[in-house]
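Enquirer: Numbering (the working numbering), first residue to last: 639 to 801.
Note that CB positions come from ideal geometry on N, CA and C, so glycine has one too.
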Amino acid sequence: MSTPEFIREIRASAGQQLLFLPGVSAIVFDDDGQVLLGRRADNGRWSIIGGIPDPGEQPAAAAVREVFEETAVRCVPERVLLVQALDPVQYPNGDHCQFMDITFRCRAVGGDEARVNDDESLEVGWFPLDGLPALEDFALMRIKLGLTDEPTWFSPTEIPVAN
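In structure tokens, the structure reads:
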């Protein structure tokens, strides 16, 4: 994923220290029940579509924007699937980040002919659920959640119980 300008500005003064950043992911289904995936330019692996909201941008709007920017597919968010703090990551350049991911289930409403629409993806496409390419657990879990009618998922081991 391309680094947004506002993060470059923060990095100029913060250096490589850990930044806690918002992130959004979109599980986009078409009318045939296929899921939209992109093969990332940074690591060559297939994954769900996602990115970083701009300052002041609402998370659902960011998910819709990221889907269009990366695939030319228009979608509408239907519900929040997951809110999860991801493990910290260190990038090859030494920068440290930790993302708070909000995953949305979305429905395609236009531009169903997915195509590479920016420099963040090598390929994009619709995949039947029984024909998914190799995916990280991160993406598979989110796709599975998108197929259920479960409410927003929170890790029960991480939710404090009030006494």
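What are the boundary residues of the alpha helix (DSSP H) that includes Ile645?
Expert: Locating residue 645 in the sequence shown gives position 7, where the first residue counts as 1. Residues 643 to 652.
Enquirer: Please go through the same chain and pick out, in chain order, the residues whose beta-carbon is closer than 6 angstroms to the beta-carbon of Leu724, but skip the five residues on each side of it.
Expert: If you number the sequence shown from 1, residue 724 lands on position 86. The answer, listed in chain order, is Phe737, Asp739.
Enquirer: Examine the Cβ distances between the segment 728 to 736 and the segment 686 to 696 and report whether three or more of them are shorter than 8 angstroms.
Expert: Result no; under three Cβ-Cβ pairs closer than 8 angstroms.
Enquirer: Rounded to whole angstroms, what is the Cα-Cα separation between Ala652 and Leu659?
Expert: Position 14 of the sequence shown, counted from the first residue, corresponds to residue 652. Position 21 of the sequence shown, counted from the first residue, corresponds to residue 659. Using only the alpha carbons, I get a separation of about 13 angstroms.
Enquirer: Quick check on Thr741: does DSSP put it in helix, strand or coil?
Expert: On the sequence shown, residue 741 is found 103 positions in, with the first residue counted as 1. In the structure shown, Thr741 sits in a strand (DSSP, three-state: E or B).
Enquirer: On the CB-based measure, 16 or more other CB atoms within 10 Å of its CB, does Phe644 come out buried or exposed?
Expert: Against the sequence shown, residue 644 aligns to sequence position 6. Flag for Phe644 reads exposed.
Enquirer: Contact criterion: CB-CB distance below 8 angstroms. Does Thr709 meet it with respect to chain B?
Expert: In summary, chain B is missing from the structure at hand, where a single protein chain is found.
Enquirer: If you run the structure through DSSP and keep just helix, strand and coil, what is Glu761?
Expert: Position 123 of the sequence shown, counted from the start, is the residue given in the question as residue 761. Taken through DSSP and simplified to helix, strand or coil, Glu761 comes out as strand.
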